[in-house]
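Here is the structure we will look at.
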Amino acid sequence: MFISMFGAVETGLLYALMALGVYLSFRVLDFPDLTVDGSFVTGAAVSAVLIVNGQSPLTATVLAVLAGFAAGCVTGLIHTKGKINPLLSGILMMIALYSINLRIMGGQSNVPLLNQSTVFSSITSFWENLHLSAPFNSVLTAIGISNTPSTWGVLFFSLLLTLIVKYITDYFLKTEVGLALRATGDNKKMIRSFSANTDGLIILGIGLSNALVAMSGALIAQQGGFADAGMGVGMIIIGLASVIIGEAIFGTKSIARTTLAVIGGAIIYRMVVSLALRVDFLETGDMKLITAIIVVAALITPKVLESRREKRRRLRKRKELANAATTKKGADQDAAT
Amino acid sequence: MLRLEQVSLTFNEGTMDEKSALQDVNINLDTGEFLTVIGSNGAGKSTLMNVISGSVIPDTGNVFIDNKAVTPMQEHKRSQMIGRVFQDPMAGTAPSMTIEENLALAWARNKKRTFKLGVNKKRKNLFQEHLETLNLGLENRLSAKVGLLSGGERQALSLLMATFTEPSILMLDEHTAALDPSRAELITNITDNIVKKFELTTLMVTHNMQQALDLGSRLIMMDKGQIILDVSGEEKQNLTIEKLLNEFQRIRGEQMANDKAVLG
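The listed protein sequences derive, respectively, from chains A and B. The first sequence begins at 0 in numbering that gives the first Met the number 0 and counts up one residue at a time. The second sequence begins at 0 in numbering that gives the first Met the number 0 and counts up one residue at a time.
What follows is the structure in structure tokens.
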């Protein structure tokens, strides 16, 4: 139980990068970008192939991010210059990327990374040299959890990386360019009248979004030990689920709060999935169905809660009014007698 | 400052809906002039605005701002020189962003947008100073979301955002039409103050004849895509609604069709 939750947080933090990308396109730019399903695999494929061919994991990951950025820019170009509807632009790019990803992987649909040095193998060995896992594990044993994780390095590295990306995103969205980007998602007509090139901003925004998605893909591939042509299917929904769950639970008061919520949402999503998979009746193949149900539930629950709160508030008001009326009536009668 | 030369534009050419929106329109506006444009619906007022702002390209003719031909320039490049306030109070601001962020967006109009913070201490003070001139107390609400402001407040903010970078041209597109009378008067007064303060070359479209008479140094009346009346100086000062309507009848040989233009 603990180990599976530990794993869920670990991978959740890596998927959070993808969710931040989806937040950029879906929320900030108001652009439902389905490129994500393809660019996630692009990130995985580029990094896996480069690592297999002897590149350093760092170089491989950086190039994967650039590939994702390029893919996103193409979606942006199709939408802005080709004047094609955002949803369709994303779908077209997603389909195109499927073939491109197979080409990147040299025609194979799966590139294994067994016994290759990845970002995580270097992190793990670095971490073990610091001998830091033992104290954490002894704390766990002290509180009665005997099954301790093999390393804490991956968790801390993922946490650090995700937080760094979060802070950069927060800062970027407050810069002059970032403000213009947010205004593009909010009111295009207005920001055009303030001399911002909305086409350029959309291309940049979708590019950055997919760069994050590809980074997530590259890291997931290295952590899982393979890149697979099908690993991106439904990724946009997972991203959306993370954004929606996070926003519903942690709120959207400010940018910093919202990005934190998105990360939280990604982790919670992973935990819910791993809990669901512990139910005997459910199989790995049911994952997508579970995801869909989680998203629907996350979308409906806040509305139901809100309307129940409203109903209770109205009932209370009416009762107060009725009480006031009876006391007044009583007082009148007293006065009459 | 602003010059339109023989600008013509036809919509849906060759179909049943063919409509000549602008016919050989010539305007020459000097620096600091305040032009009000009146006319009934479909007279070509909005098209005129769109041709100047660049969201519509004319079939023939040229637009010059500061003696530069801007006709081939893209809308967002052109808008470095043009401040605009729209009829819809929702249109001129970004609702999910704060007052200070909106002002920062406007502040960057004639500068290159960088990767530095859009709102800093120095700018906050500057924004506050400008907001104080509106007398609406907005200077104390810098971090409030603009979506929470009332229509009048948003329109006042839009007006400030459009003007405080002192653009070459200010275009007001029936910017008080969606407000109640008292708010409309407030915005009209703010407009008057701001235009005088920054000595802006201004072009205001309005349905409201009284407003067109009260504001501005020059008035043109449009009908069916043409300028049919152009008065300025003392002649404009002495104009009344009655005179305007008579003038329209004399030129067009028919009554002005739209009551809204009279009463609105």
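Idealized CB from N, CA, C, for every residue including glycine.
- Do you know offhand how far VAL176/A's Cα is from THR168/A's? Within the first sequence, the letter at position 177 stands for residue 176/A. Within the first sequence, the letter at position 169 stands for residue 168/A. Whole-angstrom Cα-Cα distance: 12 Å.
- How long is the line joining the alpha carbons of GLN107/A and ILE299/A, rounded to whole angstroms? To locate residue 107/A, count along the first sequence from 1; it is residue 108. To locate residue 299/A, count along the first sequence from 1; it is residue 300. Roughly 41 Å separates the two Cα atoms.
- Item | Endpoints, the alpha helix (DSSP H) within which GLY261/A is located | Taking the first sequence and counting its residues from 1, one reaches residue 261/A at position 262. Residue identity differs from the one stated: residue 261/A is Val in this sequence, not Gly. Judged by DSSP secondary structure, VAL261/A falls within the alpha helix (DSSP H) whose first and last residues are 254-277.
- Is the CB-CB distance between LEU3/B and VAL62/B below 7 Å? Numbered from 1 along the second sequence, position 4 holds the residue referred to as residue 3/B. Numbered from 1 along the second sequence, position 63 holds the residue referred to as residue 62/B. A Cβ-Cβ contact shorter than 7 Å links LEU3/B with VAL62/B.
- Shorter than 7 Å from the beta carbon of THR174/A to some beta carbon of chain B? For the purposes of this step, residue 174/A is identified with residue 175 of the first sequence, where counting begins at 1. Yes - at least one Cβ of chain B is within 7 Å of the one on THR174/A.
- Task: Quick one: residues in its chain with C-beta nearer than 6 Å to the C-beta of ALA105/B, no 5 flanking neighbours on either side, listed in chain order?
- Result: Walking along the second sequence from the start, residue 105/B turns up at place 106. So the qualifying residues of the chain are MET160.
- Item | Limits of the unbroken beta strand (DSSP E) element including VAL111/A | Translated into the one-based positions of the first sequence, residue 111/A becomes position 112. Here residue 111/A is Pro; the residue named in the question, Val, does not match the sequence. Run containing PRO111/A: 109-111, per the beta strand (DSSP E) assignment.
- Buried or exposed: which applies to GLY20/A, given that a residue is buried once 16 or more other Cβ atoms fall within 10 Å of its Cβ? By 1-based counting over the first sequence, the position of residue 20/A is 21. Classification of GLY20/A: buried, given that the 10 Å Cβ count is 16 or more.
- Query: If you drop the 5 nearest sequence neighbours on each side, which residues of the same chain put their C-beta closer than 8 Å to that of GLN86/B?
  - Reply: Indexing the second sequence from 1 puts residue 86/B at position 87. Excluding residues within five positions, the ones whose Cβ falls inside 8 Å are ASP172, GLU173, HIS174, ALA176 and ALA177.
- Same chain only: Cβ atoms within 6 Å of LEU265/B, ignoring 5 sequence neighbours per side: One cannot answer for residue 265/B here, as it falls past the ends of chain B, which runs 0 to 263.
- Item | For MET234/A and ASP36/A, believed in contact at Cβ under 8 Å, the rounded distance | Within the first sequence, residue 36/A is the residue found at index 37, counting from 1. Within the first sequence, residue 234/A is the residue found at index 235, counting from 1. Indeed they touch by this definition, with Cβ atoms about 5 Å apart.
- Query: Count the other CB atoms within 10 Å of the CB of ILE226/B; is the residue buried (16 or more) or exposed (fewer)?
  - Reply: Residue numbering aside, residue 226/B sits at position 227 when the second sequence is read from its first letter. The residue is buried, with at least 16 neighbouring Cβ atoms inside 10 Å.
- Taking Cβ to Cβ, would you say ALA44/A is nearer than 7 Å to ILE103/A? Position 45 of the first sequence, counted from the first residue, corresponds to residue 44/A. Position 104 of the first sequence, counted from the first residue, corresponds to residue 103/A. Yes, the Cβ-Cβ distance between ALA44/A and ILE103/A is below 7 Å.
- Message: Is the beta carbon of GLY67/A closer than 7 Å to that of VAL212/A?
- Response: Within the first sequence, numbered from 1, the residue matching residue 212/A stands at position 213. Within the first sequence, numbered from 1, the residue matching residue 67/A stands at position 68. Yes; because the gap between Cβ atoms is below 7 Å, this pair is in contact.
- What residues of chain A sit near PRO71/B, judged by a beta carbon separation below 9 Å? What you label residue 71/B is simply residue 72 of the second sequence in a count that begins at 1. When 9 Å is used as the limit between beta carbons, PRO71/B is near no residue of chain A, the shortest such separation being about 16 Å.
- Euclidean distance between Cα positions of ILE64/B and SER181/B: Counting from one through the second sequence, the residue named residue 64/B turns up at place 65. Counting from one through the second sequence, the residue named residue 181/B turns up at place 182. So the two alpha carbons sit approximately 34 Å from each other.
- For a contact meaning CB atoms closer than 7 Å, what does SER95/B contact in chain A? Here residue 95/B refers to the residue found at position 96 of the second sequence. ASP185, listed in chain order.
- Between the C-alpha atoms of ASN186/A and ALA195/A, what's the straight-line distance to the nearest angstrom? Translated into positions along the first sequence, residue 186/A becomes position 187. Translated into positions along the first sequence, residue 195/A becomes position 196. Roughly 12 Å between the two C-alpha positions.
- Identify each residue in the stretch 114-132 of chain B for which the Cβ-Cβ distance to at least one residue of chain A is less than 8 Å, and report them in chain order. PHE114, LYS115, LEU116, GLY117 and VAL118
- Message: Any beta carbon of chain B sitting closer than 7 Å to that of LYS188/A?
- Response: Sequence index remark: in the first sequence, residue 188/A carries index 189 (1-based). It does; some Cβ of chain B falls within 7 Å.
- Message: Quick check: the Cα distance between VAL61/A and THR205/B, rounded to an integer number of angstroms?
- Response: Within the first sequence, the letter at position 62 stands for residue 61/A. Within the second sequence, the letter at position 206 stands for residue 205/B. If you take the alpha carbons of VAL61/A and THR205/B, they lie about 56 Å apart.
- Skipping 5 residues on each side, what residues in its chain have a beta carbon closer than 8 Å to that of THR9/B? As a first step, residue 9/B is located in the second sequence; it is residue number 10 there, counting from the start. Closer than 8 Å at Cβ, skipping near neighbours: GLU17, LYS18, SER19, ALA20 and ASP58.
- Message: Whole angstroms are fine: how far does the CA of ASN245/B sit from the CA of ILE205/A?
- Response: Stepping through the first sequence from its first residue, residue 205/A is reached at position 206. Stepping through the second sequence from its first residue, residue 245/B is reached at position 246. Cα atoms of ILE205/A and ASN245/B: separation of roughly 57 Å, rounded to the nearest angstrom.
- Any 3 or more C-beta pairs closer than 8 Å across the stretch 219-226 of chain A and the stretch 267-285 of chain A: no
- Query: Along chain B, which residues have their Cβ under 9 Å away from the Cβ of ALA195/A?
  - Reply: In the first sequence, residue 195/A corresponds to position 196, counting from 1. Neighbours of ALA195/A on chain B, chain order: HIS75, SER78, LEU104, ALA107, ARG108 and ARG112.
- Consult DSSP for LEU86/A and reduce its assignment to one of helix, strand or coil. Working through the first sequence from its first residue, we reach residue 86/A at position 87. Three-state DSSP puts LEU86/A in a helix.
- Message: Against chain B, with Cβ distances strictly below 7 Å, would ALA358/A count as a contact?
- Response: Since the first residue shown for chain A is 0 and the last is 336, residue 358/A is missing from the structure and cannot be characterised.
- Query: Which one of ALA18/A, THR41/A and THR147/A has the shortest CA to CA distance from PRO31/A?
  - Reply: Position 32 of the first sequence, counted from the start, is the residue given in the question as residue 31/A. Answer by Cα proximity: ALA18/A.
- Check whether the Cβ atoms of PHE1/A and ILE144/A lie closer than 7 Å to each other. Walking along the first sequence from the start, residue 1/A turns up at place 2. Walking along the first sequence from the start, residue 144/A turns up at place 145. Going by C-beta atoms, PHE1/A is nearer than 7 Å to ILE144/A.
- Query: Roughly how many angstroms separate the alpha carbons of PHE197/B and ASP23/B, rounded to a whole number?
  - Reply: In the second sequence, the residue the question calls residue 197/B occupies position 198. In the second sequence, the residue the question calls residue 23/B occupies position 24. Rounded to whole angstroms, the separation of the alpha carbons of ASP23/B and PHE197/B is 31 Å.
- Query: According to DSSP, which residues form a beta bridge with LYS144/B?
  - Reply: Here the question's residue 144/B lines up with position 145 in the second sequence. THR97/B, per the DSSP bridge assignment.
- Output yes or no for whether 7 Å exceeds the beta carbon distance between LEU16/A and SER215/A. On the first sequence, position 17 is the one that residue 16/A refers to. On the first sequence, position 216 is the one that residue 215/A refers to. Yes.
- Is there at least one Cβ from chain B nearer than 7 Å to ARG191/A's Cβ? Reading the first sequence from its first residue, position 192 is the one you call residue 191/A. By this cut-off, ARG191/A is an interface position.
- Query: Mapping DSSP to helix, strand and coil, what is LEU13/A?
  - Reply: By one-based count along the first sequence, residue 13/A stands at place 14. DSSP, read as helix, strand or coil, puts LEU13/A in helix.
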